[in-house]
Amino acid sequence: MLENYALSKVPERTKKPRQTGFTMVMDKGSSLREAADLIETCGEYVDIIKLGWATSYVFPKLKEKIDLYQSAGIPVYLGGTLFEAFVIRDQFEDYRKVLDKYGLKYAEVSDGSITLDHDRKCEYIRQLSGQVTVLSEVGSKDAAKIIPPYKWIEQMQTELDAGAWKVIGEAREGGNVGLFRDSGEVRQGLVEEILTKIPFERIIWEAPQKTQQVWFIKLLGANVNLGNIAPQEVIPLETIRLGLRGDTFDHFLSQF
Amino acid sequence: MLENYALSKVPERTKKPRQTGFTMVMDKGSSLREAADLIETCGEYVDIIKLGWATSYVFPKLKEKIDLYQSAGIPVYLGGTLFEAFVIRDQFEDYRKVLDKYGLKYAEVSDGSITLDHDRKCEYIRQLSGQVTVLSEVGSKDAAKIIPPYKWIEQMQTELDAGAWKVIGEAREGGNVGLFRDSGEVRQGLVEEILTKIPFERIIWEAPQKTQQVWFIKLLGANVNLGNIAPQEVIPLETIRLGLRGDTFDHFLSQF
Amino acid sequence: MLENYALSKVPERTKKPRQTGFTMVMDKGSSLREAADLIETCGEYVDIIKLGWATSYVFPKLKEKIDLYQSAGIPVYLGGTLFEAFVIRDQFEDYRKVLDKYGLKYAEVSDGSITLDHDRKCEYIRQLSGQVTVLSEVGSKDAAKIIPPYKWIEQMQTELDAGAWKVIGEAREGGNVGLFRDSGEVRQGLVEEILTKIPFERIIWEAPQKTQQVWFIKLLGANVNLGNIAPQEVIPLETIRLGLRGDTFDHFLSQF
């Protein structure tokens, strides 16, 4: 238990290694010192780090940062946009070498910025899952591409069948596409329909904005899997999960 | 004087320990290193630190952080939501022990997330003011609960009478409730009416957004008490107080 | 080359010292440690640092911070609002001494918050360019002051003629005035008309918001000069310049 003092009626959180209650944090260029701070301050609450999109291409001291996180027991993976950048350039084999070069044990397969035949996407998942643990992402970064719910479900299911460990519901850093409307509002019907078919422990919901985090936690509980959390929002997110911020204060109390 | 070079026609700022011109900073999970940076960079400008809502429950190295701030001469208190979390669980005595355990000299009494009979709220203020210096907060975190001005005044006055050192006008981290409309706009009539009855040195106005800070500074001068300031906004806020940012540049010059 | 691995079809970036592809970063009160982090993490990508508006007046350890950046080969200048604060107080000679005292090699001349006869503005540029390298800024911080395109061009040209090294298109920290509408949207016609007359390497476009950076990069390429970039956005900006973030992913690929 990490709690600093005793409070009754606080929902129980899962412990590491978590299958649910999972927090994926997006690092979009943190310094080594900021990474060390995150480990010290939030290490227990961070389940995996994504080096956002292709920031790993330009970040100096990349190897040091990956090693720093991984030696603290926090796995790291490279954003899906980077996978796509390699694929669209016919450099998939180079991508596999990058994963090995940096000692990465996780990878993301996505098609948010490219058009990828879904069978081919599943083939990439199959191939990569022989090398690393695969997270696959469903949903476009293009606000104009609206995918109907039955298709979200079909894609999530076939990607899990192809070997994905978990599927990610796309939202971008800004939280305004995919699962969300332009305004940042959650597409509630979509989420509810997905949950009738896909087990909730297999899904990571990207929810960078506080209102989105609150929405998922109210719907699915303290131990929903959430992603694209900014480093400085990890501590606040824990309090939302525990009903100890105004937004979910009543919600959890009424359950005891 | 901390100013690095001489400029004429700059409003005079109060010095520590301040009764007016007070800046309350919200720490919502800063690392120890960030806390040390704040002390080094803004120590002279920060009058008190609030560990936002219940972030202290989950923050590791809590004792070290509190000691770090306090040994630099900056008092620390725990967010009002935490007080409310203890009260609603009938754990008020436990809360008092937490204050002692961490060597805290200040505490907040609020009812932003719970319904608390106002006499009982004043009783808590009375009890706690025998142990620590009390800040009490008026205003709901619930955007739907509109409190009329005469009631703000009545509550502020009775809370000061009950022993509160200062009263805080609620705005949350986002600055969109209490003193502010949904849009973040200030409820100007409310503020002006409050000021006809309550001395301005006894009030801390929560003003997390720049436009709100500017509004209060233009209305009440360089040395208005402001709260919920993010650590990275302390230096910018000082320049706004001094008429050295575009927003208040003309306002202060025209007074010389 | 700083890239961590090989990717084909990535636009070529200019190298330091850059005349184009220039990134100006706004420091509005970073701690010494954050400044050191920026140098370590983004040193290759940061061409110049602006200490925003008059933050240098209140920032402790100012000399240390300027020396830290400059000894890493990154020049520093003080925000234009500070120049204006000295000028309006008839303290221009004091301003020149401040530049010398801190060993600054660059300065900004602007009239965003004061009304300055344009001939007098050019005279300041002439005088200061005998002492340091001058950046001059065109555009008002006042959202109500709309300057027509022909006047932007005329002012930019005469300021370059007076000795300015580069001219800056004003946007403030928030990106909602000058080049931009209230909403943050770019005044496209204005930018296009300016570019028919002023060479693009002589202009730094203030573009603090991501959508603005994307807009300029799509219009003017990877190596457009951009300013008012927040320290934590330098790495993300590099990926946008290189077509390695969703926003410009297709744009650059279609050019190969």
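Protein chains in written order, with the numbering used here: chain A, 5 to 260; chain B, 5 to 260; chain C, 5 to 260. Just so you know, even glycine gets a beta-carbon here, dropped at the ideal spot from N, CA and C. All of these numbers come straight from a predicted model, not from anything done at the bench.
Endpoints, beta strand (DSSP E) assigned at residue i
i: I78 (chain B); result: Taken as a continuous stretch (DSSP letters only), I78 (chain B) belongs to no beta strand (DSSP E), as it is neither H nor E.
i: A168 (chain A); result: Here A168 (chain A) belongs to no beta strand (DSSP E), and DSSP marks it neither H nor E.
i: S140 (chain A); result: 137-142
i: E189 (chain B); result: Neither: E189 (chain B) is in no beta strand (DSSP E) and is coded neither H nor E.
i: D31 (chain B); result: 27-31
Range covered by the alpha helix (DSSP H) that runs through residue i
i: K155 (chain A); result: 153-165
i: K222 (chain A); result: 214-224
i: T243 (chain C); result: 238-245
i: T59 (chain C); result: 59-62
i: K149 (chain B); result: Where K149 (chain B) is concerned, there is no enclosing alpha helix (DSSP H), given that its DSSP letter is neither H nor E.
Close-in-space but distant-in-sequence residues of the same chain around residue i (CB under 7 Å, 5 per side omitted)
i: T243 (chain A); result: R249
i: V136 (chain C); result: L103, L108, K109, Y110, A111
i: F90 (chain B); result: F96, D98, Y99
i: T252 (chain B); result: V218, I221, K222, I244
i: V138 (chain A); result: A111, V113, I129, L132, G167, A168, W169
i: Q159 (chain A); result: H122, V142
i: L257 (chain C); result: K13, G247
i: A58 (chain C); result: G83, T85, L86, A89
i: M5 (chain A); result: For M5 (chain A), the predicted structure reports a pLDDT of 48, less than 50, and the residue's modelled location is therefore unreliable. A value from the coordinates is still provided. Closer than 7 Å at Cβ, skipping near neighbours: no residue.
i: R185 (chain B); result: R191
DSSP-derived helix/strand/coil call for residue i
i: M5 (chain C); result: Residue confidence for M5 (chain C) is low, a pLDDT of 48 falling below 50, so the modelled location carries little weight; the figure read from the coordinates is stated next. The answer is coil: DSSP assigns M5 (chain C) none of H, G, I, E or B.
i: V14 (chain C); result: coil
i: I43 (chain B); result: helix
i: L199 (chain C); result: helix
i: D254 (chain A); result: helix
i: K54 (chain C); result: strand
i: L230 (chain C); result: strand
i: F204 (chain B); result: helix
i: E68 (chain A); result: helix
i: K19 (chain C); result: coil
i: E127 (chain C); result: helix
i: E210 (chain A); result: strand
Contacting residues, own chain, Cβ-Cβ under 8 Å from residue i (five flanking each side not counted)
i: E298 (chain C); result: Residue 298 (chain C) is absent from the structure shown; chain C starts at 5 and stops at 260.
i: T24 (chain C); result: T18, F204, E205, N227, V228, N229
i: I78 (chain B); result: I43, G47, V50, D51, I52, I53
i: F63 (chain A); result: G33, L55, K69
Own chain residues within Cβ distance below 6 Å of residue i, not counting five before or after
i: S38 (chain A); result: One detail in the question is off: residue 38 (chain A) reads as Glu in this sequence, not Ser. Counting only Cβ-Cβ distances below 6 Å, and skipping sequence neighbours, we find nothing.
i: G182 (chain C); result: G143, E174, A175
i: P153 (chain C); result: L194, E197
i: V82 (chain C); result: Correcting the residue identity first, residue 82 (chain C) is Leu in this sequence and not Val. L55, S60.
i: R22 (chain A); result: D51
Distance cut-off 6 Å: residue i Cβ against heavy atoms of the ligand FMN
i: G56 (chain A); result: Ligands in the displayed structure: none, and consequently the ligand FMN is not present.
Three-pair Cβ contact test at 8 Å for the stretch 220-234 of chain C versus the stretch 9-18 of chain C: yes
The stretch 193-200 of chain B touching the stretch 235-249 of chain B, judged by at least three CB pairs closer than 8 Å: no
Inter-stretch contact (C-beta, 8 Å, three-pair minimum) for the stretch 116-131 of chain B and the stretch 150-169 of chain B: yes
contact_flag[the stretch 26-36 of chain A, the stretch 39-54 of chain C] where n(CB pairs < 8 Å) is 3 or more: yes
Alpha helix (DSSP H) segments (min. 4 residues) lying fully within the stretch 84-112 of chain B: 84-92, 96-105
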